[in-house]
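S.K.: Pasting a structure below so you can have a look.
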Amino acid sequence: MRGDEARELLGFPPGSRPSPSQVKAAYKRKAWESHPDRFPEREKSEAESKFKMILEAYSCLQTATHVRVVRKGAYGAHRSNSTLVKAPFLFIILATLSLGGYSVSRAYKRAKEECPHNNPFLP
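Read left to right, the sequence shown gives residues 225 to 347 (the numbering used here).
What follows is the structure, encoded as structure tokens:
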């Protein structure tokens, strides 16, 4: 299915570029309207074929939107400074290592005071 056909089936103008959230909302609305379980037995086959076409249109537009977002980046998003993002994690890691080292040195001193040994390899 081509993109224009898919847009028309989901209710968008032929040349438009709907956002992923608009595509999802249109798909949900159309799928709810044409779901085969909502129709009587004599109309189920027609509703099922329409439902499958809507699903195919949604997957077509979703794939096209995904490719466009991956290539260009998210719409309206600005590139942020990666060091500002990484700095808090670096501080957390350094604090954890320093507090852990401090706890280990205190435990080592306490163990050495409790039972002193002549062996330099034992605490």
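For every residue, glycine included, the Cβ atom is placed at its ideal position computed from N, Cα and C.
1. Which class does S258 belong to by DSSP, given the choice of helix, strand or coil?
2. Taking G227 as part of the alpha helix (DSSP H), name the residues at either end of that continuous run.
3. Can you look up S245 in the DSSP assignment and give me helix, strand or coil?
4. When you compare only the Cα positions, how much space is there between F263 and T287?
5. Which word fits A281, buried or exposed, when buried means at least 16 other C-beta atoms lie within 10 angstroms of its C-beta?
6. Just to confirm before moving on: does the CB-CB distance between S258 and A250 stay below 8 Å?
7. DSSP three-state label for S269, please.
8. Secondary structure at P264, three-state DSSP: helix, strand or coil?
M.R.: With the structure as the only source:
1. helix
2. 227-234
3. helix
4. 30 Å
5. buried
6. no
7. helix
8. coil
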